[in-house]
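Shown next, in structure tokens, is the structure this report addresses.
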Amino acid sequence: MMKFQGDHILSVSQFDREAISRILAISAQMTPYAMRQKRCLVLEGAILNNLFFEPSTRTRVSFGTAFNLLGGFVRETVGQENTSLSKGESLFDTAQVISGYSDVIAMRHPKMHSVEEFSKGSSVPVINGGDGANEHPTQALLDLFTIQSEMSPFNKGIDNLHITLMGDLKHGRTVHSLSKLLSLYNNVKITMISPKALQMPDNVVSALSNAGHEVIITDEMAGNLACDIIYQTRIQQERFASKDEADLYRGHFSLNKEAYKQYCKEYTVIMHPLPRDSRPEANELDTDLNDLDNLAIFRQAQNGVLVRMALFALTLGVEDKLQQHEKPITWHTNKNK
Amino acid sequence: MMKFQGDHILSVSQFDREAISRILAISAQMTPYAMRQKRCLVLEGAILNNLFFEPSTRTRVSFGTAFNLLGGFVRETVGQENTSLSKGESLFDTAQVISGYSDVIAMRHPKMHSVEEFSKGSSVPVINGGDGANEHPTQALLDLFTIQSEMSPFNKGIDNLHITLMGDLKHGRTVHSLSKLLSLYNNVKITMISPKALQMPDNVVSALSNAGHEVIITDEMAGNLACDIIYQTRIQQERFASKDEADLYRGHFSLNKEAYKQYCKEYTVIMHPLPRDSRPEANELDTDLNDLDNLAIFRQAQNGVLVRMALFALTLGVEDKLQQHEKPITWHTNKNK
Amino acid sequence: MMKFQGDHILSVSQFDREAISRILAISAQMTPYAMRQKRCLVLEGAILNNLFFEPSTRTRVSFGTAFNLLGGFVRETVGQENTSLSKGESLFDTAQVISGYSDVIAMRHPKMHSVEEFSKGSSVPVINGGDGANEHPTQALLDLFTIQSEMSPFNKGIDNLHITLMGDLKHGRTVHSLSKLLSLYNNVKITMISPKALQMPDNVVSALSNAGHEVIITDEMAGNLACDIIYQTRIQQERFASKDEADLYRGHFSLNKEAYKQYCKEYTVIMHPLPRDSRPEANELDTDLNDLDNLAIFRQAQNGVLVRMALFALTLGVEDKLQQHEKPITWHTNKNK
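Chains as they are written, first to last, in this note's numbering: chain A, 2 to 338; chain B, 2 to 338; chain C, 2 to 338.
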């Protein structure tokens, strides 16, 4: 059995298929704790330093929650507060100091490869929570976990699936990382729907092709949604030269219930890394889809907690001790229903 | 016995007198934990998400402390960090995601009715920590709790009291909400002292009159302070067009020990929602009152913790299990003296 | 045995040599918890309010970590959020309220003597985490602890040492406070190396002389490093009129391995309060020193956790109960190797 203890989690490229399977299996074991059927205190007294040098409510809270759900304490740093860096301190030095205050570190930083640089100075495992345009491995893992768990009722795995990626495929970090992971699986058919100017980068496409996958590239939604999974994305306005330029592409692939019924299979599952842009000019996933069981976007967000719990458990070497540290839930909750 | 478990706490209007009594009774049971005579771990392992989209040190820390005092973990978000909203995400979506990371949520937001809108997407109880000019129900509850506990040594309840509200009654959210709650009681006499331009809104006055209460409206402090409770407030400068306009009204009703001795009863209790403006031009409550036993303003602030503990216990359905989860205090403290 | 329980920790001036010895002795007892050989839950359920009205990642996280390592909860306030102060609230009032939400408070504030003023309104112990140019007592204590622990393998104490202070001795708050503490010891030789314009203030020098210490003042590094301890500091650019003025002095006393081998003793220990400025124009301590065992700068930073744990234990009166509340570590860690 492969071990992760003491490892940094920096990139999806560091995993082979066996490693991914292990992470997803441990993630699934976290479900009863996140669903509040019982509690787990395996990391009671351990300290996570949650370093978000670039703000992100969703990812930051998800990491912190995941650690609390295993019983640990969370110390947190948000935003441009880290004046030491502006006083000329290297990331290596910052890592030496903060890792001395931590049992594990989750870190987001606006600069590409900064988390890897930081990890070299750290005496404890560092988990990459996003380093600019580079990597966001926990998002890719939670996406893969979601695909697996949503397909499971249909007795499908990840091999042989048909997945449609849609929207701003040029700038979307999540679809790039997910594609890297899909290269580890067999015979996946991937339809890529985007405006011509926002097509998936060539290197991502060729990696999928080299893995033996069928890739279809189109700028038409109609007729191209009869798949197992639709992965919708947001126009990443912050990566465009101007709002006006982003406006050129917004709203091209709005999906609503009518389009879903017309183009999708009965069981097609809808995913989205969130936030979804619900303003009328974008309306990536219409709110009329909210009552559709196959809309998996909120389950997908919750799965982020499971995957992050799994990574904490694995890097701290407690993945086999979860049951020994279980306790009952003492309060009222609707989650486990 | 009425139950609150699973409920959102959005407005004082959702409570009848029985509900209020229940909240105040549970609040009183929290005293030994807050006073450090013993600890309570009834919410050990539970997670509060403390979402302060509008900053507020006092209220935010009070909610977080209340949850820690019951043994729970606190995840926190402060300020305009929530960029997802600026990316077009609806409050409903934000609530779906964050509630998946929480057992209960406390939320402050600058926009009126935003907390209610948010609560519709939440799978866990949401407690309103203030939504703009609209509501701040926990402040009103702690005010009422303070009135009750301060009057108790004089064998008085809330019925039949004489309460004086003073200052900026037009903009003060706390006096509006407190007045709503007082409408549930009998035969309260309410004196309202304010500059003519800052009088209590008509709808608040008529609601009190309709409840059978006597309301006296005046712009004179002299001769109008012989009451049970004085509730002093701050000129809410941030609601005026300019500092100059606010300056017109500042310092009109400064209360100091001399005025207290001249106009008040021997036992008149002084309250204030804090912060009190102690700059010379305002000096709402002179510091020469600090050694007066009847100055209840700091006890009032502490009572906020008791009321918030009670609301957490009630919405999470553990109000009857407190004693089962008690533990002794292991450290030195002066609080329980 | 002297007691600290209930005391505020505001200044190094409040300690005599016996008090310092006690703090350092308790700090040493914290090592197994910080090194993760075992855990200590002596402050389980206690609440630290970590009030950083001036941001500081390193010191803030260190205080929070120290409290978590003893089992306690941490509530945190960062930056200029404290709008109550801007609404005219006195530090006394803020302290009355926040101390009601706390078992102990750590506070940093940009204004000199503000923490002392605050402490007068607090019902719980307040630990000064830095009040502007005035004091930063926990830094001075951790520096002294580091000197003691680094010299211990050589069977040296603090008496009779030769310590070299280097860099911006005019503005460096840490070298001022450390000098105050050194005045309590015997026969210390202190070499002060700085540009002429950035010499140690006269009052600090004369306090050391009055304590019977030998003080050597120079602006030459060559020939003046054959000592027990080198305490290097950063040019405090934020205290100069302009970056240009600070640039005049940057890089004058860069220490690298070549200079170390040429001028230092074989066992000379290098300290630095961090952050070290590693930009080429400053390069206070070259990274080629990183593999030198005698480079103590990161151990020094970790020692901050030990000292802060000790101060929490002492002010809360639990320093004799640590062993009763020990538990094993359940997760994988490299720290205790």
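We put the CB at the ideal spot given by N, CA and C, even for glycine.
(message) At the 8 angstroms Cβ level, is A302 (chain A) part of the contact set with chain C, yes or no?
(response) For this step, residue 302 (chain A) is matched to residue 301 along the first sequence. By this cut-off, A302 (chain A) is not an interface position.
(message) Does the CB of A198 (chain A) have a neighbour CB from chain B at under 8 angstroms?
(response) Translated into the one-based positions of the first sequence, residue 198 (chain A) becomes position 197. No - not a single Cβ of chain B is within 8 angstroms of the one on A198 (chain A).
(request) Compile a chain-ordered list of the residues in the region 67 to 79 of chain B whose CB is closer than 7 angstroms to at least one CB of chain A. (result) From the region 67 to 79 of chain B, only F74, R76, T78 have a Cβ closer than 7 angstroms to chain A.
(request) Please say whether I236 (chain B) and M272 (chain B) have beta carbons closer to each other than 8 angstroms? (result) The residue given as residue 272 (chain B) occupies position 271 in the second sequence. The residue given as residue 236 (chain B) occupies position 235 in the second sequence. No, the pair does not count as a contact, with Cβ atoms beyond the cut-off.
(request) Report the residue ranges of all alpha helix (DSSP H) runs contained in full by the region 143 to 223 of chain C; include only those spanning at least 4 residues, in chain order. (result) With a minimum length of 4 residues, the continuous alpha helix (DSSP H) runs that stay inside the region 143 to 223 of chain C are 174 to 183, 203 to 211.
(request) Using a Cβ-Cβ cut-off of less than 7 angstroms, give me the residues of the region 299 to 324 of chain C that come near chain B, in sequence order. (result) Of all residues in the region 299 to 324 of chain C, L317, G318, V319, K322 have a Cβ within less than 7 angstroms of some Cβ in chain B.
(request) Measuring alpha carbon to alpha carbon, tell me which of B:T316, B:L317, B:Q303 ends up nearest P33 (chain B). (result) Translated into positions along the second sequence, residue 33 (chain B) becomes position 32. Across the set B:T316, B:L317, B:Q303, the C-alpha of B:Q303 shows the shortest separation from the C-alpha of P33 (chain B).
(request) Identify whether V125 (chain A) lies in helix, strand or coil by the three-state DSSP scheme. (result) Position 124 of the first sequence, counting from 1, holds the residue named residue 125 (chain A). Reduced to three states, the DSSP call for V125 (chain A) is coil.
(request) For D8 (chain C), return the contacting residues in chain B, with the cut-off set at a CB-CB distance below 8 angstroms. (result) For the purposes of this step, residue 8 (chain C) is identified with residue 7 of the third sequence, where counting begins at 1. Residues of chain B whose Cβ lies closer than 8 angstroms to the Cβ of D8 (chain C) do not exist, since the nearest Cβ in that chain is about 10 angstroms away.
(message) For S210 (chain B), which residues in the same chain have their Cβ closer than 6 angstroms to its Cβ, ignoring the five residues on either side in sequence?
(response) The count along the second sequence starts at 1 and reaches residue 210 (chain B) at position 209. Take S210 (chain B), set aside five residues on each side of it, and the residues of its chain with a beta-carbon closer than 6 angstroms to its own are V216, in chain order.
(request) Return yes when the Cβ of I164 (chain A) is within less than 8 angstroms of the Cβ of I191 (chain A), no when it is not. (result) In the first sequence, residue 191 (chain A) corresponds to position 190, counting from 1. In the first sequence, residue 164 (chain A) corresponds to position 163, counting from 1. In contact: I191 (chain A) and I164 (chain A) (Cβ atoms closer than 8 angstroms).
(request) With distances taken Cα to Cα, identify the nearest neighbour of N188 (chain B) among B:A141, B:R59, B:V206, B:H214. (result) Within the second sequence, the letter at position 187 stands for residue 188 (chain B). It is B:H214 whose Cα lies nearest to the Cα of N188 (chain B).
(message) Comparing C-alpha positions only, which one of B:G89, B:Y264, B:L170 sits nearest to C279 (chain A)?
(response) Counting from one through the first sequence, the residue named residue 279 (chain A) turns up at place 278. Checking the displayed sequence, the identity of residue 279 (chain A) turns out to be Ser instead of Cys. Relative to S279 (chain A), the option among B:G89, B:Y264, B:L170 whose CA is nearest is B:G89.
(request) Could you work out which residue in B:F53, B:R18, B:G73, B:G252 is closest to A107 (chain B) when comparing CA atoms only? (result) Here residue 107 (chain B) corresponds to residue number 106 of the second sequence, with the count starting at 1. For the residues B:F53, B:R18, B:G73, B:G252, the minimum Cα distance to A107 (chain B) belongs to B:F53.
(message) If the criterion is Cβ atoms closer than 8 angstroms, does the pair V43 (chain A) and H326 (chain A) meet it?
(response) Residue 43 (chain A) sits at position 42 when you count from the first residue of the first sequence. Residue 326 (chain A) sits at position 325 when you count from the first residue of the first sequence. The beta carbons of V43 (chain A) and H326 (chain A) sit closer together than 8 angstroms.
(message) Can you confirm whether the region 130 to 139 of chain B touches the region 99 to 114 of chain B when touching is taken to mean that 3 or more C-beta pairs between the two stretches lie within less than 8 angstroms?
(response) Judged by Cβ distances under 8 angstroms, the region 99 to 114 of chain B makes contact with the region 130 to 139 of chain B, as three or more pairs qualify.
(request) Return the Cβ separation of R61 (chain C) and N51 (chain C) in integer angstroms, given the expectation that the two are a contact with Cβ distance under 8 angstroms. (result) Locating residue 61 (chain C) in the third sequence gives position 60, where the first residue counts as 1. Locating residue 51 (chain C) in the third sequence gives position 50, where the first residue counts as 1. The Cβ separation is near 6 angstroms, so the contact holds.
(message) I need the straight-line Cα distance from F299 (chain A) to Y250 (chain B), nearest angstrom please.
(response) In the first sequence, counting from the first residue as 1, residue 299 (chain A) sits at position 298. In the second sequence, counting from the first residue as 1, residue 250 (chain B) sits at position 249. Roughly 50 angstroms between the two C-alpha positions.
(request) Taking L296 (chain A) as the query, report the chain B residues whose CB atoms sit under 9 angstroms from its CB, ordered along the chain. (result) For the purposes of this step, residue 296 (chain A) is taken as the residue at position 295 of the first sequence. In chain order: nothing, as chain B lies at least about 11 angstroms away.
(message) Pairs of beta-carbons, one from the region 20 to 37 of chain C and one from the region 306 to 314 of chain C, closer than 8 angstroms: are there three or more?
(response) Cβ pair count under 8 angstroms is three or more, so yes.
(request) Take the Cβ of S14 (chain A) as the centre, count every other Cβ of all protein chains shown within 10 Å, and call the residue buried at 16 or more, exposed below. (result) Translated into the one-based positions of the first sequence, residue 14 (chain A) becomes position 13. By the 10 Å Cβ count, S14 (chain A) comes out exposed.
(request) Could you tell me which residues DSSP pairs with E136 (chain B) in its beta bridges? (result) Mapped onto the second sequence, residue 136 (chain B) falls at position 135. Beta-bridge pairing links E136 (chain B) to no other residue.
(request) Report the rounded CA-to-CA distance for D220 (chain C) versus K197 (chain C), giving the unit in angstroms. (result) As a first step, residue 220 (chain C) is located in the third sequence; it is residue number 219 there, counting from the start. As a first step, residue 197 (chain C) is located in the third sequence; it is residue number 196 there, counting from the start. Cα to Cα, D220 (chain C) sits roughly 6 angstroms from K197 (chain C).
(request) Throw me the rounded Cβ distance for the P138 (chain B) and S178 (chain B) pair, which I believe falls under 8 angstroms. (result) Residue mapping note: residue 138 (chain B) aligns to position 137 of the second sequence, counting from 1. Residue mapping note: residue 178 (chain B) aligns to position 177 of the second sequence, counting from 1. The beta-carbon separation of P138 (chain B) and S178 (chain B), rounded to 7 angstroms, stays under the 8 angstroms limit for a contact.
(request) For G65 (chain C), go through chain A and note every residue whose CB falls closer than 7 angstroms to its CB, in chain order. (result) One-based indexing of the third sequence puts residue 65 (chain C) at position 64. Listed along chain A, the residues sitting closer than 7 angstroms to G65 (chain C) by beta-carbon distance are R76.
(message) Rounding to the nearest angstrom, what Cα-Cα distance links K244 (chain C) and A283 (chain C) in this structure?
(response) Residue mapping note: residue 244 (chain C) aligns to position 243 of the third sequence, counting from 1. Residue mapping note: residue 283 (chain C) aligns to position 282 of the third sequence, counting from 1. Rounded to the nearest angstrom, the gap between the Cα atoms of K244 (chain C) and A283 (chain C) is 13 angstroms.
(request) Using a Cβ cut-off of 8 angstroms, pull out every chain C residue sitting near N337 (chain B), in sequence order please. (result) Here residue 337 (chain B) refers to the residue found at position 336 of the second sequence. Correct list: empty, because the minimum Cβ distance to chain C is about 11 angstroms.
(request) Taking a Cβ distance cut-off of 7 angstroms, strictly less, list which residues of the region 263 to 288 of chain A are near chain B, in chain order. (result) Residues L275, P276, R277, D278, S279, R280, A283.
(message) With distance defined between alpha-carbon atoms, name the residue in C:R40, C:Q38, C:E45 nearest to I330 (chain B).
(response) Within the second sequence, numbered from 1, the residue matching residue 330 (chain B) stands at position 329. Taking only the C-alpha atoms, the option nearest I330 (chain B) is C:E45.
(request) Verify whether the separation of the beta carbon atoms of A35 (chain B) and G73 (chain B) is less than 8 angstroms. (result) In the second sequence, the residue the question calls residue 35 (chain B) occupies position 34. In the second sequence, the residue the question calls residue 73 (chain B) occupies position 72. The answer is no: Cβ separation not under 8 angstroms.
(request) Excluding the 5 residues preceding and the 5 following G252 (chain C) in the sequence, name in chain order all residues of the same chain whose CB lies nearer than 7 angstroms to its CB. (result) For this step, residue 252 (chain C) is matched to residue 251 along the third sequence. Taken in chain order, the residues that qualify are E282, A283, N284.
(message) Is there a Cβ of chain C sitting closer than 8 angstroms to that of H253 (chain B), yes or no?
(response) Indexing the second sequence from 1 puts residue 253 (chain B) at position 252. No, H253 (chain B) lies away from the interface with chain C (no Cβ there is under 8 angstroms from its Cβ).
(message) Along the chain, where does the alpha helix (DSSP H) containing Q15 (chain B) start, and where does it finish?
(response) One-based indexing of the second sequence puts residue 15 (chain B) at position 14. Note, Q15 (chain B): premise wrong, no alpha helix (DSSP H); not H, not E.
(request) Express the C-alpha separation of H333 (chain C) and I95 (chain B) in angstroms, rounding to a whole number. (result) Within the second sequence, numbered from 1, the residue matching residue 95 (chain B) stands at position 94. Within the third sequence, numbered from 1, the residue matching residue 333 (chain C) stands at position 332. The question names Ile, yet the displayed sequence has Thr at residue 95 (chain B). Taking the straight line joining both Cα atoms gives about 35 angstroms.
(message) Quick check for students: name the residue ranges of the beta strand (DSSP E) that lie wholly in the region 241 to 295 of chain C, counting only runs of 3 or more.
(response) Taking only runs of at least 3 residues, the beta strand (DSSP E) segments lying wholly in the region 241 to 295 of chain C are 270 to 272.
(message) Against chain A, does V62 (chain C) count as a neighbour if the rule is that its beta carbon must be under 8 angstroms from one of theirs?
(response) Position 61 of the third sequence, counting from 1, holds the residue named residue 62 (chain C). True, the Cβ-Cβ gap to chain A drops below 8 angstroms.
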